[in-house]
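Undergrad: This is the structure, below, for whatever I ask next.
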Amino acid sequence: SVEALIEQRYAAAVAIQAAWRRCSARRMRQQRMAFVNLLTRVGLGHATRRGLARCQQAAVPLQRAFRGFASQQRLHRREQGALAFQKALRGWQRRGLFTRQRAASCRLAALWRGFA
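If you want our numbering, it's the 1-based position in the sequence shown plus 2.
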């Protein structure tokens with residue numbers, strides 16, 4: 003009958019429309035989720051870069067202080083090494099001078115006693 007055929011076509015049209023709506027809604031939901039994920043990643047990337055920049059800015063004074071301290075330590079060590087070298091050299095020179103003076107005084111004493 004014609005009414006049954008119309009009813010069957012109507013049911014088929016409703017089924018096709020429902021399937022299309024589901025497919026369209028699924029696609030729209032996937033697009034929204036992809037956009038939300040993109041926004042989340044962009045936001046997290048920005049927050050991460052901001053935190054990294056803040057950490058780097060906080061590290062600059064520490065690095066400056068440590069480099070200054072290390073530079074002072076190197077300078078101090080270099081000066082101490084130079085002083086130790088000068089001390090050893092002057093001690094060697096003084097001992098040589100003392101040895102020469104002692105030899106001269108022994109020679110004068112020997113001359114005075116008539117042994118030379």
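Quick reminder that beta carbons are idealized off the backbone N, C-alpha and C, glycines included.
Near residue 17, what residues of its chain come up, given a Cβ to Cβ distance below 8 Å and the 5 sequence neighbours on each side ignored?
TA: For the purposes of this step, residue 17 is identified with residue 15 of the sequence shown, where counting begins at 1. Around residue 17: no qualifying Cβ.
Undergrad: In angstroms, rounded to a whole number, what distance separates the CA positions of residue 29 and residue 55?
TA: The sequence position of residue 29 within the sequence shown is 27, counting from 1. The sequence position of residue 55 within the sequence shown is 53, counting from 1. For residue 29 and residue 55, the distance between alpha carbons rounds to 39 Å.
Undergrad: Along the alpha helix (DSSP H) that carries residue 70, what are the first and last residues, could you check?
TA: Here residue 70 refers to the residue found at position 68 of the sequence shown. First-last of the alpha helix (DSSP H) with residue 70: 4 to 115.
Undergrad: Measuring straight from C-alpha to C-alpha, what distance separates residue 104 and residue 90?
TA: Looking up residue 104 in the sequence shown gives position 102. Looking up residue 90 in the sequence shown gives position 88. Rounded to the nearest angstrom, the two C-alpha atoms are 21 Å apart.
Undergrad: Starting from the C-beta of residue 13, find all residues in its chain whose C-beta is less than 7 Å away, skip the five residues before and the five after it, and write them out in chain order.
TA: Here residue 13 refers to the residue found at position 11 of the sequence shown. Nothing meets the Cβ criterion.
Undergrad: Would you report the Cα separation of residue 113 and residue 107, rounded to the nearest angstrom?
TA: Sequence index remark: in the sequence shown, residue 113 carries index 111 (1-based). Sequence index remark: in the sequence shown, residue 107 carries index 105 (1-based). Spanning the two alpha carbons is a distance of roughly 10 Å.
Undergrad: How long is the line joining the alpha carbons of residue 11 and residue 31, rounded to whole angstroms?
TA: Here residue 11 corresponds to residue number 9 of the sequence shown, with the count starting at 1. Here residue 31 corresponds to residue number 29 of the sequence shown, with the count starting at 1. For residue 11 and residue 31, the distance between alpha carbons rounds to 30 Å.
Undergrad: Output the distance between the C-alpha atoms of residue 27 and residue 57, rounded to the nearest integer angstrom.
TA: As a working note, residue 27 is residue 25 in the sequence shown. As a working note, residue 57 is residue 55 in the sequence shown. In a straight line, the C-alpha of residue 27 is about 44 Å away from that of residue 57.
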